[in-house]
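To start, the structure itself, in structure tokens.
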Amino acid sequence: MTTNTTLAPPAPAPLSAGGRGPLRVLLVVAATVVIVIVLALLTTGAVGLSALRMVADRQTLPAGMRSLTVDTADSPMAVRILSDREAAEPRVEVRTVASRRGDRQTLSITNDA
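If you use full-length UniProt numbering, the sequence shown closes out at 113, no skipped numbers anywhere.
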């Protein structure tokens, strides 16, 4: 029977009482800087998001309309076309995100029949 004896690694040199104080101060300062930066980034993000608002518009389509053309012009938006079996009348609903009150894009319907 063989017994393996491994020696424990040597302990690190102990910090003197004068060495712990500056290290603690350095850690507190680093943590404070990180907290201030995170708060600044969160504040900037919150202010940026608060400037955005959802704008919705809804209009009834003409009953005799056979085709629909969607022109988004220079507005960045996604277009989804949904069918609803329970709908009583044809309609179009548009939702966009605007950054200012004057940026609202109104929905215009023309019947080219």
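For glycine and all other residues, C-beta sits at the position ideal for the given N, C-alpha and C. These numbers come from a predicted model, not from an experiment.
Of the listed residues the options, nearest to residue i (C-alpha basis)
{"i": "Val-79", "options": "Ala-87, Pro-22 and Thr-69", "result": "Thr-69"}
{"i": "Met-54", "options": "Asn-4, Thr-3, Gly-45 and Arg-100", "result": "Arg-100"}
{"i": "Ala-87", "options": "Thr-32, Ala-63 and Asp-71", "result": "Ala-63"}
{"i": "Val-97", "options": "Thr-110, Ala-31, Arg-85 and Met-77", "result": "Met-77"}
Residue i versus residue j: straight-line alpha-carbon distance, rounded
{"i": "Val-92", "j": "Ser-108", "result": "10 Å"}
{"i": "Ser-83", "j": "Arg-95", "result": "17 Å"}
{"i": "Gln-59", "j": "Glu-89", "result": "10 Å"}
{"i": "Ala-8", "j": "Pro-14", "result": "17 Å"}
{"i": "Arg-66", "j": "Thr-72", "result": "20 Å"}
{"i": "Ile-81", "j": "Ala-56", "result": "15 Å"}
{"i": "Val-47", "j": "Val-34", "result": "20 Å"}
{"i": "Leu-52", "j": "Ile-37", "result": "24 Å"}
{"i": "Gly-45", "j": "Ala-31", "result": "21 Å"}
{"i": "Met-26", "j": "Gly-19", "result": "It is Leu, not Met, that sits at residue 26 in the sequence shown. Computed Cα separation, rounded: 11 Å."}
{"i": "Pro-22", "j": "Thr-2", "result": "49 Å"}
{"i": "Leu-42", "j": "Arg-85", "result": "44 Å"}
{"i": "Ser-16", "j": "Arg-24", "result": "13 Å"}
{"i": "Leu-61", "j": "Ser-75", "result": "21 Å"}
First through last residue of the beta strand (DSSP E) which encompasses residue i
{"i": "Arg-80", "result": "No beta strand (DSSP E) contains Arg-80, which DSSP labels as neither H nor E."}
{"i": "Glu-93", "result": "91-98"}
Beta strand (DSSP E) runs contained entirely in the segment 2-66, provided each spans 3 or more residues: 53-60
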